[in-house]
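Student:
There are 2 protein chains.
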Amino acid sequence: MNTQQQHLDSKKSCAHDFQVSCGNCRLNSICLPFSLEARDVDELDRIIQRSKPLQKGHHLYREGDGFQSVYAVRAGTLKAYQTTDDGREQVTGFYFPGEIVGMDGISKNVHASSAKALETAAVCEIPFASLERLSATMPQLQRHFFQLMSREITEDQQLITLLSKSSADERVAALIVSVSARNARRKLSATQFRLSMSRVDIGNYLGLTVETVSRVFSRMQKMDVLRVDNKEIEILDLDALQRLAEGA
Amino acid sequence: MNTQQQHLDSKKSCAHDFQVSCGNCRLNSICLPFSLEARDVDELDRIIQRSKPLQKGHHLYREGDGFQSVYAVRAGTLKAYQTTDDGREQVTGFYFPGEIVGMDGISKNVHASSAKALETAAVCEIPFASLERLSATMPQLQRHFFQLMSREITEDQQLITLLSKSSADERVAALIVSVSARNARRKLSATQFRLSMSRVDIGNYLGLTVETVSRVFSRMQKMDVLRVDNKEIEILDLDALQRLAEGA
DNA sequence: CGGCGACTTGAATATCTTCAAGGGGGGTGG
DNA sequence: CCACCCCCCTTGAAGATATTCAAGTCGCCG
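Here the protein sequences come in this chain order: Y and X.
Residues in the first sequence are numbered consecutively from 1, following the UniProt record's numbering.
Residues in the second sequence are numbered consecutively from 1, following the UniProt record's numbering.
1. On the CB-based measure, 16 or more other CB atoms within 10 Å of its CB, does X:Q140 come out buried or exposed?
2. Could you tell me which chain Y residues have their CB closer than 8 Å to the CB of X:K165, listed as they occur along the chain?
3. Grouping DSSP H, G and I as helix and E and B as strand, with all else coil, what is Y:P127?
4. With H, G and I counted as helix, E and B as strand and the rest as coil, what does DSSP make of X:I235?
5. Which bits of chain Y does X:Q242 rub up against, with CB to CB less than 7 Å?
6. Compare the C-alpha of Y:E63 against each of Y:V110, Y:C124, Y:A245, Y:M223 and name the closest.
7. Taking the alpha-carbon positions, what's the X:S164 to X:L148 distance?
8. Provide the residue(s) that pair with X:V210 in DSSP beta bridges, ordered along the chain.
9. Tell me which same chain residues have a C-beta within less than 6 Å of the C-beta of Y:A174, skipping the five on either side of it?
10. Hey, X:S97 and X:L27 are a contact pair by Cβ (cut 8 Å); roughly how many whole angstroms apart?
11. Against X:R143, what residues of chain Y qualify as contacts under a CB-to-CB distance less than 8 Å, listed in chain order?
12. Starting from the beta carbon of X:G64, find every residue of chain Y whose beta carbon is closer than 8 Å, and list them in chain order.
13. Does DSSP classify Y:D229 as helix, strand or coil?
14. Near Y:F217, what residues of its chain come up, given a Cβ to Cβ distance below 6 Å and the 5 sequence neighbours on each side ignored?
15. When the distance is taken between beta carbons, is Y:I47 closer than 8 Å to X:Q156?
16. Straight-line CA distance for Y:L78 to Y:V172?
17. In the DSSP assignment, find the unbroken beta strand (DSSP E) run with Y:S69 in it and report its ends.
18. Taking Y:M103 as the query, report the chain X residues whose CB atoms sit under 9 Å from its CB, ordered along the chain.
19. For X:T120, which of helix, strand or coil comes out of DSSP?
20. By a C-beta neighbour count over all protein chains shown, 10 Å radius and 16 as the cutoff for buried, is X:A115 buried or exposed?
21. DSSP beta-bridge partners for Y:Y205?
22. Tell me whether residue 250 of chain X is buried or exposed, calling it buried when 16 or more other Cβ atoms sit within 10 Å of its Cβ.
23. Among the residues of its own chain, which have a CB less than 6 Å from the CB of X:L118, if the five just before and after it don't count?
24. Take the Cβ of Y:L194 as the centre, count every other Cβ of all protein chains shown within 10 Å, and call the residue buried at 16 or more, exposed below.
25. How would you write the range of the alpha helix (DSSP H) that X:V41 sits in, first residue to last?
26. Taking a Cβ distance cut-off of 7 Å, strictly less, list which residues of the UniProt domain "HTH crp-type" (166 to 239) of chain Y are near chain X, in chain order.
27. Looking at Y:T212 and Y:A181, is the spacing between their C-beta atoms short of 8 Å?
28. Using a Cβ-Cβ cut-off of 7 Å (strictly less than) and excluding sequence neighbours within five positions of X:L236, which residues of its own chain qualify?
29. With DSSP as the reference, identify every bridge partner of Y:S189, one or two as the case may be.
30. Which full runs of the alpha helix (DSSP H) of 4+ residues lie inside the stretch 128 to 185 of chain Y, going along the chain?
31. Within the continuous beta strand (DSSP E) that includes Y:Q90, where are the two ends?
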């Protein structure tokens with residue numbers, strides 16, 4: 001890819017770039033550029049702003065902030081959460097590299113949730129107005145973004161089903177399986193990884209208390225399905241875990 | 001609106017039309033045409049297919065069906081639901097007139113859920129390929145559809161919060177408040193209406209058993225917040241109900 | 001080294017579910 | 001037109017699951 005190589009070179013000259021371009025990003029096959037032609041990727045590249053790393057605990061945006069952009073996660077993990085009227089927090093999702101966060105702000109031009117880095121993270125900012133403009137001329141991009149939003153919908157609905165129908169064991173199993181699958185998608189180990197989120201966040205996300213999450217981990221360890229060492233997870237029996245997640 | 005009147009007349013000549021056009025639809029201010037100019041509405045009109053009524057219990061589409069279109073509800077109520085691997089059903093949403101159903105199919109070109117009429121219903125079918133094409137030339141339509149999808153995301157996330165954090169009373173109260181608000185949006189009574197869904201569907205949607213839903217209704221009746229007569233609901237104290245929904 | 005936050009574990013309690021039984025309304029067929 | 005049946009809804013009592021409260025451990029950062 002000659003054009004990509006040129007891009008790479010031209011960008012390297014700028015000391016403020018933290019990553020070069022979508023064209024040579026390790027994640028481009030699962031991220032927004034997916035299914036775009038090389039020349040279209042370059043166009044997309046031009047509207048994307050790569051910012052400096054986001055420190056652990058810092059916010060990408062907050063509930064109520066004006067909506068300007070969606071963000072592709074490049075490194076690290078984010079959590080999205082809402083605060084209820086009475087001050088409680090609800091984690092609505094975790095976002096891994098290659099995934100898009102911030103689409104909840106489109107509807108009202110205001111972010112409906114906050115996004116916070118669970119560990120040092122990096123994101124690509126995609127100004128939504130530019131994305132809309134580009135989408136009008138690039139049908140594939142328009143389609144792909146529709147698909148990404150639709151995927152967010154179906155994933156939320158899966159979580160709804162999980163919260164509505166499943167026991168504590170099933171919920172935790174489903175989360176671990178999900179993290180495992182998303183790791184595999186990025187060519188990382190599906191069976192050994194570090195959970196970037198705390199037990200509190202997990203419980204919050206799954207509608208359980210910390211204590212319950214902890215107990216479930218212990219139980220699964222006793223069943224030789226998992227090996228848990230603080231945040232380090234090793235899946236010993238992925239099949240069993242999947243069966244658990246589906247309510248066996 | 002002269003163009004609308006013409007439209008109306010020209011359509012009336014066709015005996016198979018069940019409704020005339022977006023231009024004179026009672027719901028156009030809350031439905032897809034929202035924020036479009038009159039001439040754009042006409043263009044939208046041309047791609048929309050108005051079908052004959054959908055009988056109670058019949059499916060608009062089923063999980064696994066190829067995705068072709070999204071649908072605007074014109075009359076009646078639909079429920080969307082998924083079937084889990086072990087055969088259980090999860091209701092993921094109720095759809096009232098003016099609302100769009102079927103967006104979950106965009107992501108994989110296959111419907112991720114089924115949609116079924118809870119009472120005799122009518123829908124406007126919007127072929128998605130045409131909508132995409134039109135969106136490329138009508139920025140407002142593109143934007144509005146992005147917004148509708150984003151709204152579905154934020155609504156799903158609200159349901160997630162409800163399922164994750166709220167007691168049975170709060171869940172039921174929230175549903176009633178939601179139905180009330182959606183009625184008001186259509187200029188119907190916010191305090192008196194007929195619930196088109198069964199207790200089973202309500203429980204399924206809210207992650208509760210039928211019995212629990214029934215008990216909650218009874219309790220609220222005793223508290224003089226609601227008057228419940230089978231499916232007929234009268235809200236006696238909307239404030240109290242809202243406070244309940246927010247966890248008072 | 002000290003302290004604080006995150007995690008684990010146990011016992012008591014609450015909420016919701018499950019199981020069981022009965023009432024009522026609408027539709028169908030006699 | 002009435003009777004019957006089926007489905008939906010309601011209510012009660014027993015039981016299960018997760019929460020709450022409480023205490024203690026572990027690891028990390030200052």
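Just so you know, even glycine gets a beta-carbon here, dropped at the ideal spot from N, CA and C.
Tutor: This is what the structure gives:
1. exposed
2. Per Cβ cutoff of 8 Å: T84, R88, Q90, G207.
3. strand
4. strand
5. By Cβ distance, chain Y contributes nothing, its closest Cβ being about 10 Å from X:Q242, past 7 Å.
6. Y:V110
7. Rounded to whole angstroms, X:S164 to X:L148 spans 24 Å at the Cα level.
8. DSSP output for X:V210 lists no bridge partner at all.
9. Within the same chain, Y:A174 has close Cβ partners L162, A245.
10. In the sequence on display, residue 97 of chain X carries Pro and not Ser. X:P97 to X:L27, Cβ: 6 Å. Contact.
11. Neighbours of X:R143 on chain Y, chain order: E132.
12. None at all; the shortest Cβ gap to chain Y is about 13 Å.
13. strand
14. V228, listed in sequence order.
15. The question names Gln, but residue 156 of chain X in the sequence shown is Asp. No, Cβ-Cβ distance for X:D156 and Y:I47 is not below 8 Å.
16. CA-CA distance, Y:L78 to Y:V172, rounds to 19 Å.
17. 69 to 75
18. F146, M149, S150, I153
19. The answer is coil: DSSP assigns X:T120 none of H, G, I, E or B.
20. buried
21. DSSP output for Y:Y205 lists no bridge partner at all.
22. Any property of residue 250 of chain X remains undetermined from this structure, which presents chain X solely from 1 to 248.
23. T77, K79, S196, M197
24. It is Arg, not Leu, that sits at residue 194 of chain Y in the sequence shown. Residue burial is scored here from C-beta neighbours: Y:R194 has fewer than 16 other C-beta atoms within 10 angstroms and is therefore classed as exposed.
25. 38 to 47
26. G207
27. no
28. Only D224, V225, L226, R227 meet the Cβ criterion.
29. In DSSP, Y:S189 forms no bridge with anything.
30. 128 to 137, 139 to 165, 168 to 185
31. 89 to 95
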